[in-house]
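Have a look at the structure below, then the notes.
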Amino acid sequence: MNNNEKLMAWLNTKVVLGLCIIIAASIGAYVFYQARGFENSLSVTGSATKNVTSDHVKWVGVITRTTKVPTLKTGYAALASDLTIVQEFLKSNGITDAEIDISPVTMEPDWDLNQQNVSANDKSYNLKQTIEINSVNVDAITNLSKHTSPLIDKGVVFSTQSLEYTYTKLADERIALLKDAMADAKARASMLAESTGKKVGQLKSASSGVVQVLSENSLNVSDYGSYDTSKVNKTIMITVKAAFTLK
Numbered sequence: 158m159n160n161n162e163k164l165m166a167w168l169n170t171k172v173v174l175g176l177c178i179i180i181a182a183s184i185g186a187y188v189f190y191q192a193r194g195f196e197n198s199l200s201v202t203g204s205a206t207k208n209v210t211s212d213h214v215k216w217v218g219v220i221t222r223t224t225k226v227p228t229l230k231t232g233y234a235a236l237a238s239d240l241t242i243v244q245e246f247l248k249s250n251g252i253t254d255a256e257i258d259i260s261p262v263t264m265e266p267d268w269d270l271n272q273q274n275v276s277a278n279d280k281s282y283n284l285k286q287t288i289e290i291n292s293v294n295v296d297a298i299t300n301l302s303k304h305t306s307p308l309i310d311k312g313v314v315f316s317t318q319s320l321e322y323t324y325t326k327l328a329d330e331r332i333a334l335l336k337d338a339m340a341d342a343k344a345r346a347s348m349l350a351e352s353t354g355k356k357v358g359q360l361k362s363a364s365s366g367v368v369q370v371l372s373e374n375s376l377n378v379s380d381y382g383s384y385d386t387s388k389v390n391k392t393i394m395i396t397v398k399a400a401f402t403l404k
């Protein structure tokens with residue numbers, strides 16, 4: 158290797174070494190900046206709740222008739238008569254046609270009876286028809302669902318399948334609660350910052366959590382959000398995650 162080649166090799170080594178020093182210094186400065194950034198920020202979770210009363214109810218009831226294959230026609234006729242009685246009962250208690258939705262008749266084997274060794278004609282089947290009432294008269298429907306004995310007195314096998322209570326203004330409440338939850342997050346951040354001798358600065362980031370609609374005084378929250386429909390009185394809860402700078 159001549160002198161020129163040795164000189165070029167030496168220069169190349171110096172250049173590579175210089176670049177390595179620059180890159181290392183840059184990485185160190187970036188890490189230091191990031192660390193300082195984390196040291197000067199604070200992440201908190203804020204929450205807000207509001208108690209509300211359901212303003213809509215869905216009442217689902219079922220009428221049932223048990224029949225056998227040779228008497229299917231009679232069974233369907235009896236079920237149709239039962240439906241008429243139920244409709245008259247509902248209307249006499251102030252429920253309008255617009256609030257009533259009637260599903261088609263379904264037929265299924267009567268599994269309550271041991272029918273393994275009986276002929277097809279002797280097997281029993283349950284004819285069922287579902288009646289759904291959707292109403293804003295929550296108290297009236299709730300009370301009526303507890304007093305269906307007049308139907309039983311007329312020979313109608315009627316049972317309540319479900320009562321579902323909902324709150325239709327949830328979207329509006331969520332907007333208001335987000336503001337309150339954000340204020341709660343900032344208040345918590347301020348208390349934590351003061352304990353370290355610092356103050357809360359600007360908001361760096363914020364995200365909304367899932368909405369929880371719970372039975373009043375319930376703590377049955379879910380990571381994916383929840384909506385309890387079993388009770389009239391509910392508690393809406395919303396959370397926000399916020400990060401603030403510290404100064």
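So the sequence shown is residues 158 to 404, counted in my numbering. For every residue, glycine included, the Cβ atom is placed at its ideal position computed from N, Cα and C.
I need the straight-line Cα distance from K391 to T224, nearest angstrom please. Near 42 angstroms, if we compare the C-alpha coordinates of T224 and K391.
Among all the DSSP beta bridges, which residues are the ones paired with E265? Note: E265 sits in a beta bridge opposite N283.
Compute the distance between the beta-carbons of I395 and L327, then report whether it is under 8 angstroms. Cβ atoms of I395 and L327: not closer than 8 angstroms.
Quick one: grab the DSSP three-state call for I332. Collapsing the DSSP output to three states places I332 in a helix.
Using 8 angstroms as the threshold, is the region 364–383 in touch with the region 296–310, meaning 3 or more CB pairs across them? No, they do not touch.
Which residue from G354, R331, D329, K361 puts its Cα closest to that of K343? The residue with the shortest Cα to Cα distance from K343 is K361.
Integer-rounded CB distance, given that T206 should sit under 8 angstroms from N283: Contact doesn't hold; Cβ gap of about 44 angstroms is too wide.
For L320, does the count of other Cβ atoms within 10 angstroms reach 16, so buried, or fall short, so exposed? With 16 or more other Cβ atoms inside 10 Å of its own Cβ, L320 counts as buried.
For T317, tell me which candidate among M348, Y381, K285 has the shortest Cα-Cα distance. Cα-wise, what sits closest to T317 is K285.
Classify A346 as buried or exposed, calling it buried when 16 or more other Cβ atoms lie within 10 Å of its own Cβ. Burial call: buried.
Ends of the beta strand (DSSP E) at E321? In the DSSP assignment, E321 falls within the beta strand (DSSP E) that extends over 315–323.
Out of V201, D267, V214, state which residue places its alpha-carbon closest to the alpha-carbon of T325. Nearest of V201, D267, V214 to T325, Cα basis: V214.
With a Cβ-Cβ cutoff of 8 angstroms, do V262 and L236 count as a contact? For the 8 angstroms CB-CB criterion, V262 and L236 form a contact.
Euclidean distance between Cα positions of T202 and L349: Whole-angstrom Cα-Cα distance: 12 angstroms.
Length of the line joining the Cα atoms of E256 and S204: If I take the Cα positions, the gap works out to 37 angstroms.
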